[in-house]
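This report concerns only the one structure given below.
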Amino acid sequence: MSGPDVQCEGPFRYLGDADKKKGDGERAMRTAFSCTKYKNRDGWTHTDASRVFHVRPMCAEDALLFKVVRESALSASDPSTLTRLAEFLTCVEDLSHITESSPDTESRVVEAIKRWKLAWEHIPSGMLGSPRVWEALFNDMPFTATIRNLSKLTSVGVVAPDSGAAALVFSHLRDAAGLRKARVHPSNVLLAMRTYVSGRGVKGSMQWTPVPEVVTALEEAFFLSFSSVEPTGKSLLLALDVSGSMGWSMLLGSPLTAREVSAALTMAAARSEPEGGCRFFAFASEFQELSIRWDQALGEVLDAVANIPFGGADCALPMLHALEHGIHVDCFVVYADSETWSGTVHPREALNRYRTEVNEHARLVVVGLTSTGFTIADPEDSEMMDIIGFDGGAVEAKAKGNFIRGGL
187 MSGPDVQCEG PFRYLGDADK KKGDGERAMR TAFSCTKYKN RDGWTHTDAS RVFHVRPMCA
247 EDALLFKVVR ESALSASDPS TLTRLAEFLT CVEDLSHITE SSPDTESRVV EAIKRWKLAW
307 EHIPSGMLGS PRVWEALFND MPFTATIRNL SKLTSVGVVA PDSGAAALVF SHLRDAAGLR
367 KARVHPSNVL LAMRTYVSGR GVKGSMQWTP VPEVVTALEE AFFLSFSSVE PTGKSLLLAL
427 DVSGSMGWSM LLGSPLTARE VSAALTMAAA RSEPEGGCRF FAFASEFQEL SIRWDQALGE
487 VLDAVANIPF GGADCALPML HALEHGIHVD CFVVYADSET WSGTVHPREA LNRYRTEVNE
547 HARLVVVGLT STGFTIADPE DSEMMDIIGF DGGAVEAKAK GNFIRGGL
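Numbering (our numbering), first residue to last: 187 to 594.
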């Protein structure tokens, strides 16, 4: 499952990326792929971006691409010498006009996918129910995209019991090196696994029968993906909110609860940080140390957390406990669901006390896995951070790691 040869990292990347190591034509092709794949984000189109940033083309290919971005189509006056770029843009434009599925249109789309290694975002919505189209997409689908689209691939019959596609998925998901290269985070795999096993989509009416070998592969991928988590090298105290709401707070409308995600993120730390680099605690209205080993299964961690008495979530307890027992901590990481309650001491005050008496450079990260508009970190303190929500793509995990290492 190799990535397309014209793919780049994301929308609007071209705005400041000259990429001098690549030829102008190749860079323009990668930019064109990205522009046509990510047509808009948060209400912004590439046309909007070009108007706001006044991007100047660095070559003839750029000039053609920016013209198409502004005018949304090629014209007869465009340079015929830029054949490959013009062919690609023309192909994507032609596909956008397909409104219904037929053997002829299926063949056109499949041919375009094979020629340009297109992503599913390039495909007209009317063609996304075609098994032939998804089979063509699957052949060159990148690692993370495959994980995210397993449900669709199964629902249209491309991935089926004892099929070649299922065998390929099984092989790739058990490829530890591939998971590391794609930087697939455990929380990403966990979300895909829980959704896939449920047999129905979070939104819409899509349903499927989970393929056993795919479920097994996802379970193995979950544990293999821990090797892609970059260690911080710091002394961490991880505290998990075990109040009752953590067990019923559903994330992203998915089958995942806040408790499952906090356990998975804790396991990621246990498996990635050096031995002795992490201490684990559970808290509600009281504080209790957790014995979490690097080789434990997710179910064992969840059982250990579930057996702790519930209560209101006092997010100051981690700092107060470390202060009382003189525990050296570089960063406190608190996982909660935003249903937080401050006891007699506010978490900010507790951290400042700890800094005064134990470690003046101690940091605090509060990960609110669901959002109710809470704020615990002091916005004036550059060594405190609130992270709100969980996106399944582990953006918050990467930001948290950079912050702990002092990179933010």
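Note that the Cβ used here is the ideal one computed from N, Cα and C, for glycine as well.
Pairs of beta-carbons, one from the segment 237 to 248 and one from the segment 297 to 310, closer than 8 Å: are there three or more? no
Do you know offhand how far Met-215's Cα is from Gly-512's? Looking up residue 215 in the sequence shown gives position 29. Looking up residue 512 in the sequence shown gives position 326. Answer to the nearest angstrom: the Cα atoms are 57 Å apart.
Taking 8 Å as the limit between beta carbons, can you name the residues of its chain near Glu-535, skipping five residues before and five after? Start at 1 with the first residue of the sequence shown, and residue 535 comes out as number 349. Answer for Glu-535: Ala-502, listed in chain order.
Contacts around Gly-587, its chain only, beta-carbon distance under 7 Å, and the 5 residues preceding and following it disregarded: For the purposes of this step, residue 587 is taken as the residue at position 401 of the sequence shown. So the qualifying residues of the chain are Glu-416 and Thr-418.
Could you give the first and the last residue of the continuous alpha helix (DSSP H) run that contains Cys-501? Translated into the one-based positions of the sequence shown, residue 501 becomes position 315. For Cys-501, there is no enclosing alpha helix (DSSP H), as DSSP marks it with neither H nor E.
Burial state of Lys-207, where buried means 16 or more other Cβ atoms lie within 10 Å: Looking up residue 207 in the sequence shown gives position 21. At Lys-207, the pLDDT of 37 sits below 50, so the modelled position is not reliable; the number obtained from the coordinates is stated separately. Exposed, since its Cβ has fewer than 16 Cβ neighbours within 10 Å.
Drop a sphere of 10 angstroms on the beta-carbon of Asn-335, count the other beta-carbons inside from all chains shown, and report buried for 16 or more, exposed for fewer. Taking the first residue of the sequence shown as 1, we reach residue 335 at position 149. Answer is buried; the Cβ neighbour count reaches 16.
Simplified DSSP state of Tyr-224, which is helix, strand or coil: Within the sequence shown, numbered from 1, the residue matching residue 224 stands at position 38. Three-state result, Tyr-224: coil.
Helix, strand or coil: how does DSSP classify Lys-207 here? Counting from 1 along the sequence shown, the entry for residue 207 is found at position 21. At Lys-207, the pLDDT of 37 sits below 50, so the modelled position is not reliable; the number obtained from the coordinates is stated separately. Correct three-state label for Lys-207: coil.
What residue range is occupied by the uninterrupted alpha helix (DSSP H) comprising Glu-279? Here residue 279 refers to the residue found at position 93 when the sequence shown is read from its first residue. From DSSP, the alpha helix (DSSP H) with Glu-279 extends over 269 to 282.
Cross-strand partners of Gly-387 (DSSP beta bridge): What you label residue 387 is simply residue 201 of the sequence shown in a count that begins at 1. According to DSSP, which records beta bridges pairwise, Gly-387 is partnered with nothing at all.
Residues in the same chain with beta-carbon distance under 8 Å from Thr-340, minus the five sequence neighbours each way, listed in chain order, please. Your numbering for residue 340 matches position 154 in the sequence shown. Excluding sequence neighbours, Thr-340 sits near Ala-346, Tyr-382, Trp-394, Thr-395, Pro-396, Val-397 and Val-400.
Supposed contact pair Val-551 and His-514 - C-beta distance, whole angstroms, cut 8 Å: Position 328 of the sequence shown holds residue 514. Position 365 of the sequence shown holds residue 551. So it is not a contact: roughly 17 Å between Cβ atoms.
Would you identify the three-state DSSP class for Ile-590, choosing helix, strand or coil? As a working mapping, residue 590 is identified with position 404 in the sequence shown. The answer is helix: DSSP assigns Ile-590 an H, G or I state.
Nearest neighbour of Ser-357, chosen from Leu-404, Met-379, Glu-472 and Ala-322 [CA to CA]: Translated into positions along the sequence shown, residue 357 becomes position 171. Of Leu-404, Met-379, Glu-472 and Ala-322, the residue nearest in Cα terms is Leu-404.
Tell me which residue opens and which closes the beta strand (DSSP E) that Gly-475 is part of. The residue labelled residue 475 in the question sits at position 289 within the sequence shown. The question names Gly, but residue 475 is Glu in the sequence shown. First-last of the beta strand (DSSP E) with Glu-475: 473 to 476.
Should the segment 480 to 494 be called in touch with the segment 383 to 390, which here means at least 3 C-beta pairs below 8 Å? Because the criterion of three Cβ pairs below 8 Å is not met, the segment 480 to 494 and the segment 383 to 390 do not touch.
Name the one or two DSSP bridge partners that Arg-549 has. Within the sequence shown, residue 549 is the residue found at index 363, counting from 1. The partner list for Arg-549 (beta bridge, DSSP) reads Cys-517.
For Ala-217, the residue or residues it bridges with in DSSP: Start at 1 with the first residue of the sequence shown, and residue 217 comes out as number 31. Reading off the sequence, residue 217 comes out as Thr, not Ala. Looking at the DSSP assignment, Thr-217 forms no beta bridge with any residue, so it has no partner.
Start-end ranges of the alpha helix (DSSP H) lying completely within the segment 347 to 386, minimum 4 residues: 350 to 359, 362 to 368 and 372 to 384
Member of Met-505, Leu-509, Asp-523 and Glu-510 whose CA lies at the smallest distance from the CA of Met-570: By one-based count along the sequence shown, residue 570 stands at place 384. Met-570 has its Cα closest to that of Met-505, out of Met-505, Leu-509, Asp-523 and Glu-510.
Between the C-alpha atoms of Thr-402 and Leu-359, what's the straight-line distance to the nearest angstrom? By 1-based counting over the sequence shown, the position of residue 402 is 216. By 1-based counting over the sequence shown, the position of residue 359 is 173. Going by the C-alpha atoms only, they are around 10 Å apart.
To the nearest angstrom, how far is it from the Cα of Thr-222 to the Cα of Gly-343? What you label residue 222 is simply residue 36 of the sequence shown in a count that begins at 1. What you label residue 343 is simply residue 157 of the sequence shown in a count that begins at 1. The alpha-carbon atoms of Thr-222 and Gly-343 are separated by roughly 27 Å.
Specify the secondary structure class of Gly-312 as computed by DSSP and reduced to three states. As a position in the sequence shown, residue 312 is number 126, starting the count at 1. Here Gly-312 sits in helix by DSSP.
Taking DSSP as the reference, what is the three-state secondary structure of Met-570? Position 384 of the sequence shown holds residue 570. Three-state DSSP puts Met-570 in a strand.
By the 10 Å Cβ neighbour count, where 16 or more other Cβ atoms means buried, how is Asn-226 classified, buried or exposed? Against the sequence shown, residue 226 aligns to sequence position 40. Burial call: exposed.
Whose C-beta lies closer than 6 Å to the C-beta of Ser-458 among residues of the same chain, with five residues either side of it excluded? On the sequence shown, position 272 is the one that residue 458 refers to. Cβ within range, chain order: Val-415 and Pro-417.
DSSP puts Leu-339 in a beta bridge; with which residues? As a first step, residue 339 must be located in the sequence shown, where it is residue number 153. Leu-339 is not bridged to any residue.
Fully enclosed by the segment 396 to 446, which alpha helix (DSSP H) runs are 4 residues long or longer? 398 to 410
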